[in-house]
Structures are given as C-alpha cells and as structure tokens.
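Asker: If you're matching them up, the sequences are chains A and B in order. Per numbering that gives the first Met the number 0, residue 0 is the first one in the first sequence, and the count goes up by one each step. Per numbering that gives the first Met the number 0, residue 0 is the first one in the second sequence, and the count goes up by one each step. C-beta: ideal position from N, C-alpha, C; glycine also. Note that the structure is predicted; figures quoted are calculated from it, not measured. Following this message is one structure expressed as structure tokens.
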Amino acid sequence: MSTSYQAVGWNRQKKIYDWIIFSFCIFYIAVFAGLTLVFNPQVTFETLLIRSTSTLAVLLLTLILSIGPLCRINKKFLPLLYNRRHLGVTMFVVALVHGSFSILQFHALGNTHPLVSLFTSNTHYGSLVDFPFQALGFFALLILFLMAITSHDFWLHNLSPRIWKTLHMFVYLAYFLIIMHVMLGVIQYETSPVFVLILITGSFSIISLHLVVGTRELKKDRIKYGMKQEDFVKVCEVYDIEENRAKMFCLDTERIAIFKTEGKLFAINNVCKHQNGPLGEGKIVDGCITCPWHGYQYLPKNGQSPPPFKERVSTYDIKLTGTEVWLNPMPYPEGTERPGVVFQMIS
Amino acid sequence: MIKPLRKKHVQVWTFLAILIPLGIVSSWLVVPKAVTDRILHPASSNALPILIKTVSKDDYSVSLRRQDDWSAIQLEWINYSALTTPSAIIYETYPEKGTDSLEGAGLIGRIDSRGIYHFPLKRDSLNVHLHFMLYDIIHHLVIDRINF
Numbered sequence: 000m001s002t003s004y005q006a007v008g009w010n011r012q013k014k015i016y017d018w019i020i021f022s023f024c025i026f027y028i029a030v031f032a033g034l035t036l037v038f039n040p041q042v043t044f045e046t047l048l049i050r051s052t053s054t055l056a057v058l059l060l061t062l063i064l065s066i067g068p069l070c071r072i073n074k075k076f077l078p079l080l081y082n083r084r085h086l087g088v089t090m091f092v093v094a095l096v097h098g099s100f101s102i103l104q105f106h107a108l109g110n111t112h113p114l115v116s117l118f119t120s121n122t123h124y125g126s127l128v129d130f131p132f133q134a135l136g137f138f139a140l141l142i143l144f145l146m147a148i149t150s151h152d153f154w155l156h157n158l159s160p161r162i163w164k165t166l167h168m169f170v171y172l173a174y175f176l177i178i179m180h181v182m183l184g185v186i187q188y189e190t191s192p193v194f195v196l197i198l199i200t201g202s203f204s205i206i207s208l209h210l211v212v213g214t215r216e217l218k219k220d221r222i223k224y225g226m227k228q229e230d231f232v233k234v235c236e237v238y239d240i241e242e243n244r245a246k247m248f249c250l251d252t253e254r255i256a257i258f259k260t261e262g263k264l265f266a267i268n269n270v271c272k273h274q275n276g277p278l279g280e281g282k283i284v285d286g287c288i289t290c291p292w293h294g295y296q297y298l299p300k301n302g303q304s305p306p307p308f309k310e311r312v313s314t315y316d317i318k319l320t321g322t323e324v325w326l327n328p329m330p331y332p333e334g335t336e337r338p339g340v341v342f343q344m345i346s
Numbered sequence: 000m001i002k003p004l005r006k007k008h009v010q011v012w013t014f015l016a017i018l019i020p021l022g023i024v025s026s027w028l029v030v031p032k033a034v035t036d037r038i039l040h041p042a043s044s045n046a047l048p049i050l051i052k053t054v055s056k057d058d059y060s061v062s063l064r065r066q067d068d069w070s071a072i073q074l075e076w077i078n079y080s081a082l083t084t085p086s087a088i089i090y091e092t093y094p095e096k097g098t099d100s101l102e103g104a105g106l107i108g109r110i111d112s113r114g115i116y117h118f119p120l121k122r123d124s125l126n127v128h129l130h131f132m133l134y135d136i137i138h139h140l141v142i143d144r145i146n147f
C-alpha cells in the first residue's frame, strides 16, 4: 500500500492501455451497428445497443479470462495482465449498459417494478426450455458489480488478499451464468448457428488454456529434488537462470524464486504481498525484483520494497558448489538481508 | 499465485470443463425447431371432381364441388390474397329455418392466408339452397355472405 493514497494512479502506460480499450469498444460497437443496419435496417436503437453491448461484454470477458494462462505461456502478454482490472471494469460497464437497456426495454413499461418484473414475469424456473434466462444475467452482473467496485488496492488492503481473491474467483461462476444466459436466451430464438459456434469456440479455448497451463504449473510444484547436503537441496545449474530473471522451485509449501543479477544469486519467497503475484515470473528493473502482475517491487538482497513502501517477503540462503545451485528452503523472517552468492560465468 | 490457489484453479476449471459443455449441449437440445408456416385448420383434402356452382368475389372465389355419385359434397374456398381480418370463420346459415345469424349457424372452418381451402359439407344431395357467412369472431362482424 502506498504511503500517499491516490484514488487511481494513472501512469502513461495505463493511459495508453485505457485509450486502446476505449477505442476498441467504440470500434466494435460501430462495426456491429453498421453490419446490423445493413442486414437488418428495421432494427431499433435499443435492440442495437442491447445486442452490441452483450456481444462486446462476452468478448471482453473471454479475453480477460484468457490473460492469466496466456501470460504463463508467453511473457509478451504480461502488459495485458498488468492492467487487467481496467479491462474488467470496462467489461462491467459494457455489461451494465446491456443489462440496464434490457430491463428498460422488457420490464420498465408495466405497472410492476422493473426488478420485480425481471423475476416474476417468467416463473418457469423448473423448465429448461422456458427458463427465465434474464435472472441468470442479473446475478452475473451482480458478481461483476462486486468485483468492479472492489477492483482497487484500497479494498484489497482492507479485505485482505485472501478474501479479495476469493471474491474475485466468483468471476468463474459469473462466466458460467453468462454462458447459460446466452444459451437459454438469444440462442433459443436465433436460427443461425454462428452465435453458438462462437460461444463454444470461446469457452473451449478458455477451458483448454486453463487446464493445460494449470496442470503444467501443478506438475512444477510436484518436482522432487533428490540431492541434499545438510539443509540444502540441489535445484539447478547457475547457467539455467537468465540474467535479471529467476527460476522457481517448490521445495516445501510454497515456491522460492532464485534471481540472477550483476554476478550474484538471491533467493526470495515467490509470492508478492500485493495480490500473491508470482515474483519469479517477473524481472529485475532498476535493481528491483518487479512483480509481473502489478509492478510491485522488492530488493533482491532483503526482500523489502524500496522506501517509502513497506512490503516484505522472506529471503533464503543459497550456496554454490561449482556451477550447481543449492537452496536452503528454511525462510528467514520477512525482510532479512542476505548477502547473496557470487558466481563467475565461464565463457 | 500461491500453491493452494493454483490447485483450486485447476479444480474449478476441471469442474467448469464438465459443467459448461453440459449446459451448452442441454440448452442446444431444447432449442425450438424452426416453425413452419402451417395453417391452423386441418389439412385440406383434394378437390372433389365435379364443380357444381361458383361465386366469385374480388379477393376470393367460393365453389361447391361433389363426387360423381353425390356421395360427398365439398365447399372450395380459393383465397387470392390473405384476408385483412385476422380471424375469419365460415359458418353455414339456414335462413329458411329462420337462422340467419351466428346463433344456430353451423361451423365450417377458418380462412386466413392465401391458398385453397376445402371443407366437407354434411349433405347427401343439393335439394336445398346453401348459404354461408364469413364472420369476424373478434370484431363480431359479418364480413360477407355467399349464397348458392
């Protein structure tokens, strides 16, 4: 948490990113509207808005859910992860426009309150074919709303990372509700199979990405390191680690990242204090280990964030035997300075 | 991401990998089949071979047809264009019995879209004159009367 509170800290990179998101949304809606008016000139403004924002929201959510595993496959996707919250809030706003106009169009013209009408105009909750799909969309929107209003470090700090992360994992439930909202809604009336094919392709891609990458990560956690010497475990060769980068090893309950920088090796706990981001997947920028998720920084020698920041992570002992790197998985208290291990590269 | 969370993510996505395809397939299976343009009255039978009489109007022509041996009589209604009234019903009226209104009239069938309609008539021979009334049951209006 910053010592000087700022509601939103926009830097140049974030501004560029937000402009790209905004431009894309406008471009998408314009193209959607143009094509709809060509093929269906009788369409009303409300219908056009409801349909364009619905498809845009699903597209953005598919992208958001893909970012995490994509970053593990290729680090070039990391800028997307860095600003994923902005994309999430944008998606919520687009979904809110869709939901609001849908309620106005379908439930606001009677003498019943629109929200009451939403749940009582169709009460076939026991039927699949006539299921009130709008209720599913409403609950998904509610989850997205809770996520959007807590998408700030203020809430992360006050709720604690564990509760915050648990709340934000409800996005998976929201995704399922949205899939069913679409399948039991528009797909029931749409004669073209294009929509359902797009939806299937999107969900298949997301599921595959998460399962493939997730399983791969679990395998890494289960690697057994056989060679032990006193309290140290042989983990790799010094050449295996790139300059200003790290390799991660799970020897006990959590991963440890060994960084190589300026002729020295340092070991720190892999988990960022901000949002539990994987520090070992980041790199060293301006002498600091930089979390790939949101840019939180730590000094390699002691695992402390540079002043005035106060985050700290545990540090570990390393030793070198020739070119072999040995790691002691016993953590030092968070922020404890360790000298690091000097190595000499043999060309 | 911490180790337990990595495990939880894989568990959640394994669950979704089952749930989402199940949801998509079951929803897809209940998609209503494309509605064909079916008329709500029973399928018209074929026209009987002998034409007895025809009354022609601007939008339709009405004929009486029969079998060679008079074993069946049929009312043939040829609609040149869809009727502007949404609910036109043909009734047979019996003015000679004092029934010239809807009350006591016999229901023959419904006319709506463009096409040829055939309705069997319960009569052994044409000993009496036949009278028909096209009636709008929503607006309670007599649209037309056809007398043979």
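Which runs of the beta strand (DSSP E), 3 residues or longer, sit entirely within the stretch 201-280 of chain A?
Answerer: 231-236, 245-249, 254-260 and 263-268
Asker: In the DSSP assignment, find the alpha helix (DSSP H) that holds A/Tyr27 and state where it starts and stops.
Answerer: Arg11 to Phe38
Asker: Near A/Glu336, which residues of its chain fall below 8 Å by C-beta distance, leaving aside the five closest residues on each side in sequence?
Answerer: Lys300, Asn301 and Thr314
Asker: Check for me: the alpha helix (DSSP H) holding A/Gln104 runs from which residue to which?
Answerer: For A/Gln104, the enclosing alpha helix (DSSP H) starts and ends at Arg83 to His106.
Asker: Mind listing the chain B neighbours of A/Val195? Cutoff is C-beta to C-beta under 7 Å, in chain order.
Answerer: Trp27
Asker: In whole angstroms, what is the alpha-carbon distance linking B/Ala145 and B/Val61?
Answerer: It is worth fixing the name first, because residue 145 of chain B is Ile in this sequence and not Ala. B/Ile145 and B/Val61: Cα-Cα distance of roughly 8 Å.
Asker: Given a cut-off of 8 Å on the beta-carbon distance, is the pair B/Phe147 and B/Lys52 in contact?
Answerer: yes
Asker: Kindly say whether A/Glu290, judged by its beta-carbon, lies nearer than 8 Å to any beta-carbon of chain B.
Answerer: Residue 290 of chain A is actually Cys in this sequence, not Glu. By this cut-off, A/Cys290 is not an interface position.
Asker: Shorter than 8 Å from the beta carbon of B/Thr84 to some beta carbon of chain A?
Answerer: no
Asker: Using a Cβ-Cβ distance cut-off of 8 Å, determine whether B/Leu18 contacts chain A.
Answerer: yes
Asker: Excluding five sequence neighbours on each side, which residues of the same chain lie with their C-beta closer than 6 Å to the C-beta of A/Ile102?
Answerer: Pro113
Asker: Please determine if the stretch 130-142 of chain A and the stretch 86-98 of chain A are in contact, where contact requires at least 3 C-beta pairs separated by less than 8 Å.
Answerer: yes
Asker: Would a C-beta distance cut-off of 8 Å place A/Val42 and A/Leu36 closer than the cut-off?
Answerer: yes
Asker: Hey, is B/Met132's beta-carbon within less than 8 Å of any beta-carbon in chain A?
Answerer: no
Asker: How should B/Trp69 be labelled, buried or exposed, when 16 other C-beta atoms within 10 angstroms of its C-beta is the threshold for buried?
Answerer: exposed
Asker: Below 8 Å between beta carbons: does that hold for A/Leu135 and A/Leu176?
Answerer: yes
Asker: Work out the CA separation of A/Leu319 and A/Trp325 for me, nearest whole Å.
Answerer: 6 Å
Asker: Rounded to whole angstroms, how far is the Cβ of A/Ile267 from the Cβ of A/Tyr224, which I believe are closer than 8 Å?
Answerer: With a Cβ gap of about 18 Å, A/Ile267 and A/Tyr224 do not count as contacting.
Asker: What did DSSP end up calling A/Tyr295 once you bin it into helix, strand or coil?
Answerer: coil
Asker: From the beta carbon of A/Val57, is the nearest beta carbon of chain B less than 8 Å away?
Answerer: Contacts with chain B at 8 Å (Cβ-Cβ) do not include A/Val57.
Asker: A/Lys164 versus chain B: which residues are under 8 Å apart at the beta carbon?
Answerer: Leu4
Asker: Please go through the stretch 107-183 of chain A and give each complete alpha helix (DSSP H) segment of 4 or more residues, from N-terminal end onward.
Answerer: The stretch 107-183 of chain A contains these whole alpha helix (DSSP H) runs: 113-119, 132-148, 152-158, 160-167 and 170-183.
Asker: Say whether chain B places a C-beta atom closer than 8 Å to the C-beta of A/Asn275.
Answerer: yes
Asker: Assuming A/Asp220 contacts A/Cys249 (C-beta within less than 8 Å), just tell me the rounded distance between them.
Answerer: 4 Å
Asker: Who are the neighbours of A/Asp220 on chain B, taking C-beta pairs under 9 Å?
Answerer: Lys2, Arg5 and Lys6
Asker: Just checking, does the stretch 249-259 of chain A make contact with the stretch 276-292 of chain A on the three C-beta pairs under 8 Å criterion?
Answerer: Taking 8 Å as the limit for Cβ pairs, the verdict is that the stretch 276-292 of chain A does touch the stretch 249-259 of chain A.
Asker: Could you pull the start and end residues of the beta strand (DSSP E) that B/Arg65 belongs to?
Answerer: Tyr59 to Arg65
Asker: Would you say A/Gln187 lies against chain B (beta-carbon separation less than 8 Å)?
Answerer: Residue-level contact by beta carbon holds for A/Gln187 and chain B, with a gap shorter than 8 Å.
Asker: What are the partner residues of B/Ile145, as DSSP defines its beta bridges?
Answerer: B/Phe131
Asker: At the level of alpha carbons, what is the spacing between A/Pro328 and A/Asp316?
Answerer: 8 Å
Asker: Cβ of B/Leu21 less than 8 Å from any chain A Cβ?
Answerer: no
Asker: Just to make sure I have the definition right: I need the residues of chain B whose C-beta is within less than 9 Å of the C-beta of A/Ser202. Which are they?
Answerer: Contact note: A/Ser202 reaches chain B through Leu15, Ile19, Pro20 and Ile23, using a C-beta cutoff of 9 Å and chain order.
Asker: Please name the residue in B/Trp76, B/Pro31, B/Ala16 and B/Arg109 whose C-alpha comes closest to that of B/Leu158.
Answerer: The structure shown does not extend to residue 158 of chain B, since chain B is modelled only from 0 to 147, so the question has no answer here.
Asker: If you count every other CB in all the chains shown that lies within 10 Å of the CB of A/Arg161, and 16 or more means buried, which is it?
Answerer: exposed
Asker: Between the alpha carbons of A/His123 and A/Leu183, how many angstroms are there, rounded?
Answerer: 12 Å
Asker: Name the DSSP bridge partner or partners of B/Ile148?
Answerer: Any question about residue 148 of chain B goes unanswered here, given that chain B covers just 0 to 147.
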